[in-house]
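Okay, structure first, notes after.
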Amino acid sequence: MSRGTSVRLQNLTKRFGRVVAVRDLDLEVNPGELVAFLGPSGCGKTTTLLMIAGIYRPTAGHVYFGDRRVDPLHPRDRDVGMVFQSYALYPHLTLFENIAFPLRLKRVPGEEVKRRVKATAELLGIGGILERRPAQVSGGQQQRAALARALVKEPQVLLLDEPLSNLDAQIRLSARAEIRRLQRELGVTAILVTHDQAEALAMADRVAVFSMGELQQYATPEELYHRPKNTFVAGFVGSPPMNLIEGEFTGDGFRSGELRLPLRQAPLGRGWLGVRPEHLRIAGEGHPARVLVVEPLGREAIVIVELFGHRLQILVAEGEKPAPDAEVRVAFPARALHYFDANGRRIGPE
Amino acid sequence: MRRYLTPFLFLGPASLLILLFFFTPVVATLLLSFTDLATTTFRHPSWVGLANYRDLFADPFLKKILANTARYVGLTLAFNVGMGLLLALVTSLVPENWGDPFRALWLLPRILPPVVYVFIWQGMLAEAPMGLVSDLLGVSKNWLVETPWVAVILANGFVGASFGMLIFTSAIRAIPRELFYAAAVDGATTLQTIRRVVIPMLAWPILFVTAYQTLSLLTSFEYILLLTDGGPGFYGTEVWSLHAYHLALSNYFGNVEFGLGAAMAAVLVVIGVVVSLFYLKIFNFRALVTEPKIEV
Ligand SMILES: Nc1ncnc2c1ncn2[C@@H]1O[C@H](COP(=O)(O)OP(=O)(O)OP(=O)(O)O)[C@@H](O)[C@H]1O
Ligand SMILES: [Mg+2]
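Protein chains in written order, with the working numbering: chain C, 1 to 350; chain G, 351 to 646.
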């Protein structure tokens, strides 16, 4: 069923003059897997994708599709489909001709072009507007046309550069599910670039988190959530992100200013204690704190408190939210804490 | 009423300028063409109706001059647009630090004063030992006399091509980078990308350059005047606008016939309008026109 190939990046590096856009990247995507590249703006996600597509030549390192080394190959010899952030539809062609473009270049006979374009367009629900030009359809329809153009040649690898970022929130949710469904059905290996962590966590089998051109962690969404490898990932993944408190581990506890927490099997030395907002509780007992801000989210609310000089975010059920300026007590969980050393690397608990 | 006021206000100033600097001269030319105004009749011109046009069309050399004009405009235009496009494509595809100096080089003929520029051509085309071409070919001839059309077209073309080059280059630069990436991923070679993506997206600038250059070639004659003055021989490279100049402004016998010249100019205006309409038609102008970006 799966017609995707594995994609392997080996020591991949790209420099633009003095800027190192991607540094020494090692990563493997399994056949038929959907992997998300997640990271803040400018961290090298698009650059990596363009090297996989063959638009950029790597400064160093290699790209393999299965056992085939593809980095010396021109894009047209790589069998990839790509959806660009701006969709990059050809403005002078109708949607039909846009989708047919890759087939025409391969000199596929006219009847077959017609059949395949129709079939792909139907699959994406744009069968009725194929005679229009890109400027005459909505953003969501353009996105589908771009996806259809990428899929129509039945590529082994599908590259998606922020395909949903120009859509409004509602279409975005349905488009997420749709892309995932198509990708599963077709069995194509897919890489999705995004800076929206909710999108990455919801859609991907595995997520590669980037920062400043370097891979920070490559793991399943669960693993990223439960065992972030460093403070960058801890602070980037999760919404709202993890609270990080700088202080000192003492072997049997953690100390930061007046805050003292007894911990089992704690390490020694300076570092960071991490705790997710959803794991802190406002309770009858615990450390005294003052409420600064309450942000209602609907079913839940984010409460920002000040606790011994630290600002912490706490996620509470809507019904339990305190009033602004209230004096409350904050209880730390016994588990679900994260320890990082002074350099931000995860050191426990196991 | 208010609905039409704003567009009117927006279009007003430009319309006024067109009225003042296009329609007025055209009307004046037309009026002039119905008179026998000349140096000898300067104080007391009389109304002669269509006499000037009758003279014009009775001229036995009319055919030759029209054919010369078509040849000059057609071939120079082809060179200008084709070469301009080629230069724009080539200099856009090579790295910028190669493309930019190359483009600058092509601008030189345009910067040079026409008289100096034509002197250079005349020098190059003269007999050996002065003529560079004679030297290179090893055949000493006056190439301006041997191949006057090649000289006229190239001398004009080397100036004219840079216009298209500049317009096309900026149009190519305005094409989003991702469109080129998409074409590459879709499997297009460089040539296919040019043919199927770049050139169709240049339809509008190509129409513009073609129409603009046709009109300016129809009316321009200064390089021919300086290079061959319509020679060699009898009307060898005489084109319509040059002929009008010869008749109206530099008559050999000193009697400058303004009326006749005006009639020739009027014919040129008609030709220009017809040619423009033809271009709009073949380029399917309506399809190129997009909805206004803001509605007023
Ligand atoms: N063609 C280029 N020339 C010079 N520098 C570049 C070029 N392309 C990217 N860069 C630089 O490389 C770095 C990574 O860029 P890249 O486009 O890969 O980021 P990104 O992760 O896709 O960001 P975004 O989320 O904003 O799209 C940035 O610092 C960027 O400025
Ligand atoms: Mg990007």
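Idealized CB from N, CA, C, for every residue including glycine.
- Relative to ligand 1, the beta carbon of C/Thr46 is positioned inside 7 angstroms of a heavy atom.
- Interface flag for C/Pro91 against chain G is set, since a Cβ pair is found closer than 8 angstroms.
- For C/Arg180, same chain residues with a beta-carbon under 6 angstroms away, outside a window of 5 residues either side, are Met203 in chain order.
- Between ligand 1 and C/Val19, a heavy atom-to-CB distance of less than 7 angstroms is present.
- Taking a Cβ-Cβ cut-off of 9 angstroms, the neighbours of G/Ala534 in chain C comprise Ala53, Gly54, Ile55, His74, Pro75, Arg76, given in sequence order.
- In chain G, no part has a C-beta under 7 angstroms from the C-beta of C/Ala148; the shortest such distance is about 12 angstroms.
- When Cβ-Cβ separations below 8 angstroms define contact, C/Val108 makes no contact with chain G.
- Within the region 198 to 272 of chain C, the complete alpha helix (DSSP H) runs of at least 4 residues fall at 221 to 226, 231 to 236.
- Chain C has no Cβ within less than 8 angstroms of the Cβ of G/Gly609.
- At a cut-off of 7 angstroms, the beta-carbon of G/Val547 does not count as near ligand 2: no heavy atom of the ligand is closer than that.
- Residue-level contact by beta carbon fails for C/Pro58 and chain G, as no gap is shorter than 8 angstroms.
- If you draw a straight line from the Cα of G/Leu366 to the Cα of G/Ser591, it comes to about 27 angstroms.
- Taking a Cβ-Cβ threshold of 7 angstroms, none of the residues of chain G is close to C/Val22; the smallest such distance is about 17 angstroms.
- Under the 10 Å beta carbon count, G/Asn634 is surrounded by fewer than 16 other beta carbons and is classified as exposed.
- In chain G, no part has a C-beta under 9 angstroms from the C-beta of C/Ala121; the shortest such distance is about 16 angstroms.
- Shown here, C/Thr13 sits in a strand according to DSSP, grouped into three states.
- The closest heavy atom of ligand 1 lies less than 7 angstroms from the beta carbon of C/Gly42.
- Between C/Leu12 and the set C/Glu214, C/Pro241, C/Leu38, the nearest pair of CA atoms involves C/Glu214.
- Within the region 127 to 139 of chain C, no residue places its CB atom closer than 7 angstroms to a CB of chain G.
- For G/Phe571, the distance from the CB to the nearest heavy atom of ligand 1 is not below 7 angstroms.
- Around the beta carbon of C/Leu292, fewer than 16 other beta carbons sit within 10 angstroms, so the residue counts as exposed.
- According to DSSP, residue pairing for C/Thr194 in a beta bridge involves C/Leu38.
- Taking a C-beta distance under 8 angstroms as the contact criterion, G/Leu577 and G/Ala478 do not qualify as a contact pair.
- By the neighbour-count definition (other C-beta atoms within 10 Å, threshold 16), C/Gly298 is an exposed residue.
- The region 48 to 67 of chain C makes no contact with the region 222 to 241 of chain C, as fewer than three CB pairs between them are under 8 angstroms.
- In the DSSP assignment, C/Gln183 falls within the alpha helix (DSSP H) that extends over 169 to 186.
- No heavy atom of ligand 1 is found nearer than 7 angstroms to the CB of C/His287.
- Note on C/Pro333: under 16 other CB atoms within 10 angstroms of its CB, so exposed under the neighbour-count rule.
- The way I'd put it, the region 478 to 491 of chain G doesn't touch the region 510 to 524 of chain G; fewer than three beta-carbon pairs between them come closer than 8 angstroms.
- Contact residues of the region 533 to 555 of chain G toward chain C are Ala533, Ala534, Val535, Asp536, Gly537, Ala538, Thr539, Gln542, Arg546, Val547, Pro550, Met551, Ala553 (C-beta to C-beta distance below 9 angstroms).
- Residue pairing by DSSP places C/Asp341 opposite C/Gly271 in a beta bridge.
- Under DSSP, the beta-bridge partners assigned to G/Trp397 are G/Thr385.
- In the same chain as G/His593, and ignoring 5 residues on each side of it, the C-beta atoms closer than 7 angstroms to its own belong to Ile415, Met614, in chain order.
- Per DSSP, reduced to three states, the secondary structure at C/Arg57 is coil, with no helix or strand assignment.
- No Cβ-Cβ contact shorter than 8 angstroms links C/Ala88 with C/Thr47.
- At least one CB of chain C lies nearer than 8 angstroms to the CB of G/Pro526.
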